[in-house]
Each structure stands twice: as structure tokens, then as C-alpha cells.
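This report refers to the structure that appears directly beneath it.
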Amino acid sequence: MTFEYKGFDAAGRAQSGLIEAADLKDARKRLTVRGILPESVQAARGTAARRGARATIFSSDVRTMFYRELAALLGSGVALVPALDVILQAPELDQARTLLAAVRDMVREGRPLSAAMPAVSPQVTLFEQAVIEVGERTGGMPEALARLAAFLEEQEKLREKLMTALLYPLVVVSLALIIGGLVLTLLLPKVQSLFTEANLQLPALTRILLAGGRTLGLLLLLLVAGAVAAFFVLRRRWRTDEVWRIRLDRRLFSLPIIGGGWRNLASLRFVRVFGLLLERGVSLIESVPMAGRASGSAWLASCAARETEAMGQGKPLVAVIRSIQPLHPSLAAWVQAGEAGGNLVGLLDNAAQRFQQSWDRLATRGMLLLEIGLTLVVGLFVTLIALAVLLPILQMNKGFVP
94 MTFEYKGFDA AGRAQSGLIE AADLKDARKR LTVRGILPES VQAARGTAAR
144 RGARATIFSS DVRTMFYREL AALLGSGVAL VPALDVILQA PELDQARTLL
194 AAVRDMVREG RPLSAAMPAV SPQVTLFEQA VIEVGERTGG MPEALARLAA
244 FLEEQEKLRE KLMTALLYPL VVVSLALIIG GLVLTLLLPK VQSLFTEANL
294 QLPALTRILL AGGRTLGLLL LLLVAGAVAA FFVLRRRWRT DEVWRIRLDR
344 RLFSLPIIGG GWRNLASLRF VRVFGLLLER GVSLIESVPM AGRASGSAWL
394 ASCAARETEA MGQGKPLVAV IRSIQPLHPS LAAWVQAGEA GGNLVGLLDN
444 AAQRFQQSWD RLATRGMLLL EIGLTLVVGL FVTLIALAVL LPILQMNKGF
494 VP
């Protein structure tokens with residue numbers, strides 16, 4: 094069993110790390126033999142449960158590196174537990190080492206990797222679990238992990254590209270809000286006092302912005318508090334209420350732009366896993382529900398499970414795919430062409446590439462529209478602030494002209 098410790102050596106220097114021991118008492122004894130006075134010793138699994146919720150520790154980059162290295166080791170003939178031992182020595186793991194140590198302990202106890210990974214971190218997606226499970230069931234773990242790492246790398250590249258494109262407008266929005274807040278809270282009140290002394294009335298726009306500036310801080314505070322509370326309530330219900338989760342996911346598919354992107358991404362995940370399962374010889378009846386769970390869509394997973402029962406009664410695959418409403422409408426044609434040509438796996442791979450390209454285009458277009466929208470909002474906001482400052486000056490000059 095793996096324990097995480099913190100303590101001090103004979104010279105008084107702080108020490109921390111992981112140690113293998115039979116139990117907590119044995120871990121403390123081993124540390125004493127090493128000359129380390131333990132301050133705290135905890136099972137790695139316990140600390141992993143707390144740290145795993147932090148996305149920065151077990152990020153997509155860390156998981157991609159882990160999957161790729163594990164695929165290489167398993168492909169070289171190394172068993173799973175020794176492969177995990179090797180990966181744990183990597184210096185770039187940093188705090189993620191505790192999470193992977195907990196994974197290794199679970200695997201030693203007999204739990205599959207597909208169950209151990211999400212147990213230590215909620216950052217591990219349903220798609221990742223499904224791909225790992227495919228590798229475990231078919232005996233093709235190295236190939237499954239390599240494909241998973243490649244898919245995550247593609248998604249990470251797209252995410253970085255979008256964040257880079259969005260960085261400039263976000264900086265502009267932040268600066269505009271800061272400057273606008275300073276103008277509303279510092280400059281305009283002084284202008285108001287000058288107008289009061291001169292017995293002049295402020296322009297309507299300036300009065301409106303002044304009134305809004307007084308309540309802006311309170312409104313922002315209430316909005317942030319409400320958003321945080323709603324996030325935790327919705328997240329808890331998402332995890333516990335399956336019917337509500339399916340209903341919400343179904344509405345997500347009907348949204349403009351977002352719905353199309355979500356359909357492409359869910360179809361892409363479904364096709365990736367479905368093709369991998371068929372390539373490894375898994376039956377259609379088992380492949381369809383597994384691919385549905387891998388999609389990350391609760392509605393798609395529910396539809397796939399329902400259609401699997403119909404498939405067991407003789408319903409053809411093309412009709413099953415067509416009946417799963419969340420899937421992209423063109424997927425049924427790809428499946429029909431693949432079955433007719435005797436190359437279903439190859440056609441599914443082509444379909445996955447098309448969905449990947451479509452998803453990339455939609456995501457890029459969506460970020461472009463968001464960037465344009467933010468720019469327009471900032472321009473309007475700056476214009477209103479400028480008018481609120483300039484109009485009183487012009488009116489005051491006009492009032493003093495003989």
C-alpha cells in the first residue's frame with residue numbers, strides 16, 4: 094500500500110514523498126529507519142480523493158502523457174503494475190504522482206484501470222473510461238491507450254488554439270470594465286457635484302449611468318453568488334438525477350450553434366469507440382451501448398441502451414443507428430455504405446475524421462462569433478462611458494457661454 098508523508102530529516106530539512114508499506118504503523122517505522130521524523134502520514138488513496146477534484150493536478154496534459162507512456166510500456170511487454178511503477182518515477186508528474194499511486198494500489202487489489210482512474214479524479218471523462226474498458230476487454234490496451242492519447246492531444250490543441258484567439262478580447266473586456274468602473278465611481282460623482290454647485294442638470298445618459306454605477310457592485314456580487322450557488326446545485330443534481338440529466342442533455346442538442354457542436358462531438362466519440370470495438374472483434378450488441386456511454390451524452394447513452402434491446406430482436410444496425418436521435422444524421426449512411434462494401438470499420442474511421450473536421454470548424458466559428466460579440470459589447474460600453482463624460486462637459490460649456 095502507498096502512503097504519502099511529510100516530515101523532517103536529522104538536519105531539520107522538510108521532507109515529503111511516497112512510501113510503500115503494509116499499513117500506517119509500518120509506514121511510520123520505515124520512515125524512522127530512513128532517518129525521517131514523520132509529521133503526517135496518510136494513505137495515498139485518501140489524499141488522491143481530495144486532490145483529484147482539482148483540475149490543475151490531473152489535467153488533460155498530464156493524462157495524455159500518462160496514457161501515451163503506459164501504452165508504450167504495455168506494448169513493450171511490461172505488465173500493468175510494473176508499468177505504473179515506472180511511470181511513477183517520472184519527475185514531471187509532481188502532485189499527480191499521489192493520484193497515480195492510488196491508481197496503482199487499486200489495480201494491485203484487482204480493480205480494472207477503467208474503474209480506478211475515475212475513482213481518484215472526476216477529471217477522467219466517460220469517453221476515457223470507455224476507451225480504457227475497450228482495451229481491457231479486447232486485450233488491445235496499448236492500441237486503445239495510444240488512440241486515446243492521440244484524441245486528447247487533438248482536443249488540447251484545439252482548446253489552446255481557441256483560448257489563444259479569445260485571449261485578446263478577454264483582456265480588452267477586462268480593461269474596459271476596470272476603466273469603466275473607475276469612471277463611474279470616481280469621475281462622474283465629481284462631475285455631478287460640479288453641476289450641483291452650478292445649478293445645472295446632468296444629461297439623462299449621465300444620470301442613468303450614475304444610478305447604475307451605485308448599484309453595479311451589489312448587482313455583480315449578487316450575480317456571482319447566484320452563479321456559484323446555481324453551479325453547485327446543478328452539479329449535484331447532474332450527478333444524482335439521471336432522468337433530469339437526460340432531459341437537460343436533450344435540450345442541449347436543440348440549442349442553436351451549441352447543439353450542432355455537441356452533436357458532432359458526441360457522434361465523434363461514439364464512432365471512435367464503436368469502430369475500435371468492432372475492430373477488436375466485440376459483438377454489435379455489446380459495442381453499441383459501450384459506444385453510447387463513451388459519447389459523454391446522457392441522452393445518447395440512454396437511446397443506445399434502448400436500441401440494443403431492439404437489435405437483440407433482429408433490428409438491423411443501420412436502423413438502430415438511424416433510431417438513435419442524438420447521432421449525426423449522416424452516420425446511418427456511412428454505416429450502410431460500410432456494411433454494403435464489407436468495410437464497416439474503415440468507413441467508421443472516415444466518418445470519425447469528418448466529424449472531427451466538422452467539430453473543429455464549429456468550435457473555431459463559435460469562438461470567432463464570441464470574439465466579435467465581445468468586441469461589439471466593449472465598443473458599446475466604451476461609447477456610453479465616453480458620452481456620459483463628454484455630454485456634461487459640453488453642456489457646462491454651453492451653460493457658461495454669455
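Mapped onto the numbering used here, the consecutive letters of the sequence shown carry residue numbers 94 to 495.
No residue lacks a Cβ here, since even glycine has one placed at the ideal position from N, Cα and C.
All values reported here derive from a predicted model rather than from experimental measurement.
field: Residue from Leu477, Trp392, Leu117 and Thr157 whose Cα sits closest to the Cα of Ala243
entry: Here residue 243 corresponds to residue number 150 of the sequence shown, with the count starting at 1. Ranked by how close their Cα comes to the Cα of Ala243, the residues Leu477, Trp392, Leu117 and Thr157 have Thr157 in first place.
query: From Ile129 to Ile180, what does the alpha carbon distance come to, in whole angstroms?
result: Here the question's residue 129 lines up with position 36 in the sequence shown. Here the question's residue 180 lines up with position 87 in the sequence shown. Distance between the alpha carbons of Ile129 and Ile180: 25 Å.
query: Using the C-alpha atoms, what's the distance from Val174 back to Ala208?
result: If you number the sequence shown from 1, residue 208 lands on position 115. If you number the sequence shown from 1, residue 174 lands on position 81. Taking the straight line from one Cα to the other gives about 15 Å.
query: Buried or exposed: where does Gly100 fall if 16 or more other Cβ atoms within 10 Å of its Cβ makes it buried?
result: By one-based count along the sequence shown, residue 100 stands at place 7. By the neighbour-count rule (16 or more Cβ atoms within 10 Å), Gly100 is buried.
message: Just list the residues that DSSP pairs Val113 with in beta bridges.
response: Counting from 1 along the sequence shown, the entry for residue 113 is found at position 20. It is worth fixing the name first, because residue 113 is Glu in this sequence and not Val. Per DSSP, Thr95.
Best match in Arg230, Ala115, Met460 and Ala304 for proximity to Asp198 [C-alpha to C-alpha]: Here residue 198 refers to the residue found at position 105 of the sequence shown. Among Arg230, Ala115, Met460 and Ala304, the Cα nearest to that of Asp198 is on Ala115.
message: Between the region 337-350 and the region 365-372, can you find at least three pairs of beta-carbon atoms closer than 8 Å?
response: no
field: For Gly100, the three-state DSSP class (helix, strand or coil)
entry: Numbered from its first residue, the sequence shown carries residue 100 at position 7. In this structure, Gly100 counts as strand in the three-state DSSP scheme.
- request: Locate the beta strand (DSSP E) running through Gln135, then write down its first and last residues.
  value: Residue mapping note: residue 135 aligns to position 42 of the sequence shown, counting from 1. Where Gln135 is concerned, the enclosing beta strand (DSSP E) stretches over Leu130 to Ala136.
- prompt: To which residues of the same chain is Gly389 closer than 8 Å at the C-beta, ignoring the five residues directly before and after it?
  reply: Residue 389 sits at position 296 when you count from the first residue of the sequence shown. Closer than 8 Å at Cβ, skipping near neighbours: Thr218, Leu219, Phe220, Leu358, Ala359 and Arg362.
task: Figure out for me which residue from Ala223, Ala165 and Val438 has the closest Cα to the Cα of Ala394.
output: Counting from one through the sequence shown, the residue named residue 394 turns up at place 301. Ranking the options by Cα distance to Ala394, first place goes to Ala223.
message: Quick check: what's the CA-CA separation for Asp334 versus Trp392?
response: Taking the first residue of the sequence shown as 1, we reach residue 334 at position 241. Taking the first residue of the sequence shown as 1, we reach residue 392 at position 299. Their Cα atoms are separated by approximately 13 Å.
- prompt: Relative to the C-alpha of Gly468, which residue among Asn490, Arg230, Leu260 and Arg106 is closest?
  reply: Residue mapping note: residue 468 aligns to position 375 of the sequence shown, counting from 1. What sits at residue 468 in the sequence shown is Thr, not Gly. Closest in C-alpha terms to Thr468, from the list Asn490, Arg230, Leu260 and Arg106, comes Leu260.
- prompt: Any chance the region 116-127 sits against the region 200-214, with 3 or more Cβ pairs inside 8 Å?
  reply: no
task: Confirm, please, whether the CB-CB distance from Leu111 to Phe151 is below 8 Å.
output: On the sequence shown, position 58 is the one that residue 151 refers to. On the sequence shown, position 18 is the one that residue 111 refers to. Not in contact: Phe151 and Leu111 (Cβ atoms no closer than 8 Å).
Anticipated Cβ contact below 8 Å, Val196 with Val471, distance rounded: As a position in the sequence shown, residue 196 is number 103, starting the count at 1. As a position in the sequence shown, residue 471 is number 378, starting the count at 1. Their Cβ separation, rounded to whole angstroms, is 45 Å, which puts Val196 and Val471 out of contact at 8 Å.
query: Mind checking Ile417: buried by the 16 CB within 10 Å criterion, or exposed?
result: Locating residue 417 in the sequence shown gives position 324, where the first residue counts as 1. By the 10 Å Cβ count, Ile417 comes out buried.
- request: Just confirm the distance between the C-beta atoms of Pro422 and Ala398, as a whole number of angstroms; I'd bet it's less than 8 Å.
  value: Counted from its first residue, the sequence shown places residue 422 at position 329. Counted from its first residue, the sequence shown places residue 398 at position 305. In fact, because the Cβ distance is near 21 Å, the residues do not count as touching under 8 Å.
- request: Look at the Cβ atom of Tyr160, then the Cβ atom of Leu238, and state whether they are nearer than 8 Å.
  value: To locate residue 160, count along the sequence shown from 1; it is residue 67. To locate residue 238, count along the sequence shown from 1; it is residue 145. Contact: yes.
- prompt: Buried or exposed: which applies to Val317, given that a residue is buried once 16 or more other Cβ atoms fall within 10 Å of its Cβ?
  reply: Numbered from 1 along the sequence shown, position 224 holds the residue referred to as residue 317. That one is exposed.
task: Indicate whether the contact test is met: 3 or more Cβ pairs, each with one atom in the region 434-448 and one in the region 226-234, closer than 8 Å.
output: No, the region 434-448 does not touch the region 226-234.
field: Three or more C-beta pairs below 8 Å linking the region 371-381 and the region 397-414
entry: These segments touch.
message: Short of 6 Å in beta carbon distance, which residues of its chain neighbour Ser153, apart from the five on each side in sequence? Order them along the chain.
response: Here residue 153 refers to the residue found at position 60 when the sequence shown is read from its first residue. So the qualifying residues of the chain are Leu245 and Glu249.
field: Cα-Cα separation, Ala194 to Val155
entry: In the sequence shown, the residue the question calls residue 194 occupies position 101. In the sequence shown, the residue the question calls residue 155 occupies position 62. Their backbone Cα atoms lie some 14 Å apart in a straight line.
field: Residues near Leu298 in its chain [Cβ-Cβ closer than 8 Å; skip 5 each side]
entry: Counted from its first residue, the sequence shown places residue 298 at position 205. If we look at Leu298 and ignore the five residues flanking it on each side, its Cβ neighbours are Leu477, Leu480, Ala481 and Leu484.
query: If we ignore side chains and look at the alpha-carbon of each, how far apart do Ala183 and Leu313 end up?
result: On the sequence shown, position 90 is the one that residue 183 refers to. On the sequence shown, position 220 is the one that residue 313 refers to. One C-alpha to the other measures close to 44 Å.
Residue interval of the alpha helix (DSSP H) (run including Gln248): For the purposes of this step, residue 248 is taken as the residue at position 155 of the sequence shown. Element bounds for Gln248: Met234 to Leu275.
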